[in-house]
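Working notes, beginning with the structure itself.
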Amino acid sequence: MKGPLFYSKILLFGEYGIIRDSKGLSIPYNFYNGALKKDANPSAEAIQSNGHLKRFVTYLEQLQKEQPNLVTFDLVTLNNDVQTGMYFDSSIPQGYGVGSSGALVAAIYDKYAQHKITVLENLTREKLLTLKTIFSQMESFFHGKSSGLDPLNSYLSIPILINSKDNIEATGIPTQSFDGKGAVFLLDSGIVGETAPMVNIFMENLKDKGFRAMLKNQFVKYTDACVENFLGGDMNSLFENTKKLSKVVLNNFKPMIPEQFHGIWQKGIDSNDYYLKLCGSGGGGYILGFTQDLERAKESLKDYKLEVVYQF
Ligand SMILES: Nc1ncnc2c1ncn2[C@@H]1O[C@H](COP(=O)(O)OP(=O)(O)OP(=O)(O)O)[C@@H](O)[C@H]1O
Ligand SMILES: C[C@@](O)(CCO)CC(=O)[O-]
1 MKGPLFYSKI LLFGEYGIIR DSKGLSIPYN FYNGALKKDA NPSAEAIQSN
51 GHLKRFVTYL EQLQKEQPNL VTFDLVTLNN DVQTGMYFDS SIPQGYGVGS
101 SGALVAAIYD KYAQHKITVL ENLTREKLLT LKTIFSQMES FFHGKSSGLD
151 PLNSYLSIPI LINSKDNIEA TGIPTQSFDG KGAVFLLDSG IVGETAPMVN
201 IFMENLKDKG FRAMLKNQFV KYTDACVENF LGGDMNSLFE NTKKLSKVVL
251 NNFKPMIPEQ FHGIWQKGID SNDYYLKLCG SGGGGYILGF TQDLERAKES
301 LKDYKLEVVY QF
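Listed below in structure tokens is the structure:
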């Protein structure tokens, strides 16, 4: 048995800001994917994944008991599949900010949810919000509190624009131009990050008046501008605002940037070869880069492996 593929995602803009109602823009990233699967001779990895699924099923049973109006699953089939070795066969790295748990949640919902909302329907804002709420509850199992955006992205495989917490919509993004010099890329920090402790630091910082002012007057302002610039195809303004965002993050989100990357973060701002920003909650995993000239960025970051995700 092998189920359909579910993809990783990249939150291009909006990390942390969306907690405080900034805009956000999330796109599917098809380089990595996962699917539910059963093998006659499972590998050690498959057995480990199956263990995660068993615990997740216990959580879903509880969720269904507590909130039967939210979502119900075909628990008999799900239990049977998990007891007979089903696992999530996935190339999506875990704890890297590209949504490994989101893809898993989307795959489980797709296969086992009853009366599910499908991608073939006319996806009204209400339906999107309902899906997001369901996914948020399901994904909470993996990292405490979840917005549900990652599974939503993976499930629908389309870019999603977050206007505010309760206002999200499917969106189009400017088509890629593969001979363009501009690019968005991922930089591997080589460290596994964890979402919950990073979000806790952020929530703690929010108690400070100065931090809240910085967030509103700079971080959210530049994030919103970047989303608008990107969707509107205004690439010159996009780079200006990404540079501002990169600076604000380096000065105010230090715990979310692994120490050994502070230097190259600053180097990008000084040289204008590239601008770095957080990819998801940070603290490790991937760092997201924007450059107007991919070759220059590659040269400038030649000790690192860049993974290009979007070219324009
Ligand atoms: N292939 C898999 N099989 C079983 N469980 C998995 C698999 N991939 C991810 N998971 C589950 O998801 C957890 C990782 O999710 P977590 O939310 O911490 O990181 P992430 O989704 O990779 O990153 P982010 O939320 O920052 O994008 C793992 O600990 C595991 O429980
Ligand atoms: C850091 C955060 O804003 C994005 C993580 O992908 C947390 C969230 O909104 O769920």
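With full-length UniProt numbering applied, the sequence shown covers 1 to 312.
Glycine included, every Cβ here is placed at the ideal spot set by N, Cα and C.
With a threshold of 16 other CB atoms inside 10 Å of the CB of SER177, please say whether the residue is buried or exposed.
exposed
Measuring only the C-alpha atoms, how far is SER43 from SER91?
14 angstroms
Per DSSP, what kind of secondary structure is THR291 in: helix, strand or coil?
strand
What's the gap between the Cα of ASP81 and the Cα of THR118?
22 angstroms
Decide yes or no for the touch test of the stretch 153 to 163 against the stretch 208 to 219: beta carbon pairs closer than 8 angstroms, at least 3 of them.
Taking a contact to require three or more Cβ pairs closer than 8 angstroms, the stretch 153 to 163 and the stretch 208 to 219 do not qualify as touching.
CB of ASP188 within 8 angstroms of CB of LYS9, strictly:
no
Take the Cβ of ILE287 as the centre, count every other Cβ of all protein chains shown within 10 Å, and call the residue buried at 16 or more, exposed below.
buried
Starting from PRO197, trace the alpha helix (DSSP H) in both directions and tell me its first and last residue.
195 to 205
Based on the DSSP secondary-structure assignment, which residues constitute the bridge partners of LYS277?
LEU288
List, from N- to C-terminal side, the alpha helix (DSSP H) runs of 4 residues or more that fit wholly inside the UniProt domain "GHMP kinase N-terminal" (86 to 150).
100 to 112, 125 to 143
Are the stretch 288 to 295 and the stretch 270 to 277 touching, with three or more C-beta to C-beta distances below 8 angstroms?
yes
Only counting the same chain, and skipping five residues up and downstream in sequence, which positions put a Cβ closer than 6 angstroms to that of LEU156?
VAL119
Taking 7 angstroms as the cut-off, is the beta-carbon of ASP188 closer than that to any non-hydrogen atom of ligand 1?
The closest heavy atom of ligand 1 lies 7 angstroms or more from the beta carbon of ASP188.
When DSSP labels each residue in this structure, what does SER22 get in the three-state scheme?
coil
Go through its chain and collect everything with a Cβ distance to VAL248's Cβ below 6 angstroms, but skip five positions before and after it.
GLN218, PHE219
Spell out whether any CB of chain C is found under 8 angstroms from the CB atom of LEU53.
Included in the structure is just one protein chain, with no chain C present.
Can we count VAL71 as close to ligand 2, meaning its CB is less than 7 angstroms from some heavy atom?
no
When the Cα of LYS243 is compared with those of GLY144, TYR222, PHE230, which residue comes out closest?
TYR222
Rounded to whole angstroms, what's the CA-CA distance from GLN62 to THR72? Just pull it up for me.
11 angstroms
Report yes if the C-beta of ILE117 is less than 7 angstroms from at least one heavy atom of ligand 2; otherwise report no.
no
Indicate the three-state DSSP secondary structure (helix, strand or coil) for PRO68 in the structure shown.
If DSSP states are grouped into helix, strand and coil, PRO68 belongs with coil.
Name the DSSP bridge partner or partners of SER164?
Per DSSP, ASN167.
Contacting residues, own chain, Cβ-Cβ under 7 angstroms from LEU53 (five flanking each side not counted)
VAL82, MET86, TYR87, PHE88
Which residues in the same chain have their Cβ closer than 7 angstroms to the Cβ of residue 315, if we skip the five residues on either side of it in sequence?
Given that the chain is displayed from residue 1 to residue 312, the structure contains no residue 315 and the question cannot be resolved.
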